[in-house]
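S.K.: Below you'll find the structure I mean.
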Amino acid sequence: MFYDLSALNVALLFLAMFSAGFVDAIAGGGGLIQTPAMLLSFPDHNPVSVVATSKTAAFFGTSTAAIKYRKSIKTDPKLLLAMVIPAFFGACGGALLASHISAQSFKSSIFFMMIAIFFYTLLKPDLGKVHVEKHSPRKLMVIGAIAATLIGFYDGLIGPGTGTMLMIALVAIMGFAFVGASAIAKVVNATTNLASIIVVGFRIGILWKIGLFLAIANLAGGYAGSHLAIKKGSGFIRIFYLIVTGLLILRLGYSLYLQ
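Take 280 as the starting number for the sequence shown in the working numbering and just add one per residue.
Quick look at the structure:
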């Protein structure tokens, strides 16, 4: 069918992309489902190209979730702009350096980051339940721009876990409730995906056929996940976020230290 993949492999990739879109729309972390699935399916291809292909599909799901959130949740357009522009350029810089990082350090950095985020959220039960005015609007934009630049660079360089990092920055540092954080995170994440697609597409190349085909699954997952998150609210997103993060930690720890 696609690049000598069997029908079963394509079907499993389609399921993985739907699941990734669904999870990512609610709590972030979708890349930790779809990226390993893509790398396992294309072991002989350039991993940077494969990850960018995964982001091509993810772009559609993330954009769909962003639009869905924007229709239901009001966000400050000035803050969005202050985060989107630096995130784009940060991701471009990270994508330019992506081929220089080893797979082992790639997995290890994600693993320890996820553990820290999980326990930080777990030990603060009221974190993200309601919006907290922690900073002035001007200071909030400065903090948002710095966080978006760093996380955007990370997304271009490594990728998986970006949505989760955006969520924790928006909730723990900037004071947003989980549902409001999701609305902003999806817009920023869609921007960083686009930056990686542009840079890698021009420099190395992307598997466009499979990427656009799997975009259908990611789009459907993103729509379903964002619809459920808006309906259930911040309390549901927090619980879902902790469950997903805990499962991802177990999965990564097994692949790093027990296999």
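Just so it is clear, CB atoms sit at the ideal spot from N, CA and C, and this is done for glycine as well.
1. Let me check understanding here. Comparing Cα to Cα, which of A366, A469, K510, R417 lies closest to T343?
2. Whole angstroms are fine: how far does the CA of L449 sit from the CA of I455?
3. Does DSSP put T343 in a helix, a strand or coil?
4. Between which two residues does the alpha helix (DSSP H) harbouring L376 extend?
5. Distance check for P322 and F457, CA to CA, integer angstroms please.
6. With distances taken Cα to Cα, identify the nearest neighbour of F368 among V421, L527, D434, S534.
7. Between F390 and I528, which are expected to be in contact by the criterion C-beta below 8 Å, what is the C-beta distance as a whole number of angstroms?
8. Does the stretch 497-508 touch the stretch 294-304, meaning 3 or more C-beta pairs lie closer than 8 Å?
9. Express the C-alpha separation of L318 and V329 in angstroms, rounding to a whole number.
10. Starting from M420, follow the alpha helix (DSSP H) in both directions and report where the run begins and ends.
11. So, does the stretch 521-535 touch the stretch 397-411, judging by three or more C-beta pairs under 8 Å?
12. Thinking just about the alpha-carbon of each residue, which of L291, S285, A336, N325 is nearest to the one in G310?
13. Quick one, which of S461, M393, G373 has its alpha-carbon nearest L473's?
14. Could you pull out every residue in the same chain whose Cβ sits closer than 6 Å to the Cβ of L486, ignoring the five residues on either side in sequence?
15. Cα-Cα, which of F432, S461, L436 is closest to T443?
16. Quick check on N325: does DSSP put it in helix, strand or coil?
17. Where does V409 fall in DSSP's three states?
18. The alpha helix (DSSP H) spanning T354 covers which residue range?
19. Only counting the same chain, and skipping five residues up and downstream in sequence, which positions put a Cβ closer than 8 Å to that of A410?
20. Could you check where the alpha helix (DSSP H) with D303 kicks off and where it finishes?
21. What's the gap between the Cα of I437 and the Cα of A377?
22. Quick test of your reading: A304 and S505, contact by CB under 8 Å. State the CB separation rounded to the nearest angstrom.
23. Need the endpoints of the alpha helix (DSSP H) that M317 sits in, please.
24. If you draw a straight line from the alpha carbon of Q313 to that of L419, how long is it in whole angstroms?
M.R.: Based on what the coordinates show:
1. Numbered from 1 along the sequence shown, position 64 holds the residue referred to as residue 343. Checked all of A366, A469, K510, R417; the closest Cα to T343 is A469.
2. Position 176 of the sequence shown, counting from 1, holds the residue named residue 455. Position 170 of the sequence shown, counting from 1, holds the residue named residue 449. In the sequence on display, residue 455 carries Phe and not Ile. Using only the alpha carbons, I get a separation of about 6 Å.
3. One-based indexing of the sequence shown puts residue 343 at position 64. Helix.
4. Within the sequence shown, the letter at position 97 stands for residue 376. Segment: none, L376 is in no alpha helix (DSSP H) and carries neither H nor E.
5. On the sequence shown, residue 457 is found 178 positions in, with the first residue counted as 1. On the sequence shown, residue 322 is found 43 positions in, with the first residue counted as 1. Answer to the nearest angstrom: the Cα atoms are 36 Å apart.
6. The residue given as residue 368 occupies position 89 in the sequence shown. For F368, the nearest C-alpha among the options comes from D434.
7. Within the sequence shown, numbered from 1, the residue matching residue 390 stands at position 111. Within the sequence shown, numbered from 1, the residue matching residue 528 stands at position 249. Correct: roughly 7 Å between the Cβ atoms.
8. yes
9. Locating residue 329 in the sequence shown gives position 50, where the first residue counts as 1. Locating residue 318 in the sequence shown gives position 39, where the first residue counts as 1. Approximately 6 Å, taken between the alpha carbons.
10. Looking up residue 420 in the sequence shown gives position 141. Per DSSP, M420 belongs to the alpha helix (DSSP H) from 416-436.
11. Between the stretch 521-535 and the stretch 397-411 there are three or more inter-stretch CB-CB distances shorter than 8 Å, so the stretches are counted as touching.
12. Along the sequence shown, one-based indexing puts residue 310 at 31. Nearest option by C-alpha distance: A336.
13. Here the question's residue 473 lines up with position 194 in the sequence shown. With distances taken between Cα atoms, L473 lies closest to G373.
14. Here the question's residue 486 lines up with position 207 in the sequence shown. Contacts found: T332.
15. The residue you call residue 443 lines up with position 164 of the sequence shown. It is S461.
16. Here residue 325 corresponds to residue number 46 of the sequence shown, with the count starting at 1. Three-state result, N325: coil.
17. The residue you call residue 409 lines up with position 130 of the sequence shown. Coil.
18. In the sequence shown, the residue the question calls residue 354 occupies position 75. Segment: none, T354 is in no alpha helix (DSSP H) and carries neither H nor E.
19. Indexing the sequence shown from 1 puts residue 410 at position 131. One point to set straight first is that residue 410 is His, not Ala, in the sequence displayed. Once the five neighbours on either side are set aside, the close Cβ partners of H410 are G454, F455, A456, G459.
20. Walking along the sequence shown from the start, residue 303 turns up at place 24. Where D303 is concerned, the enclosing alpha helix (DSSP H) stretches over 286-306.
21. To locate residue 437, count along the sequence shown from 1; it is residue 158. To locate residue 377, count along the sequence shown from 1; it is residue 98. Answer to the nearest angstrom: the Cα atoms are 7 Å apart.
22. Residue numbering aside, residue 304 sits at position 25 when the sequence shown is read from its first letter. Residue numbering aside, residue 505 sits at position 226 when the sequence shown is read from its first letter. Between S505 and A304 the Cβ distance is about 4 Å, and since that is below 8 Å, they are a contact.
23. On the sequence shown, residue 317 is found 38 positions in, with the first residue counted as 1. Residues 310-320.
24. Counting from 1 along the sequence shown, the entry for residue 313 is found at position 34. Counting from 1 along the sequence shown, the entry for residue 419 is found at position 140. Roughly 32 Å between the two C-alpha positions.
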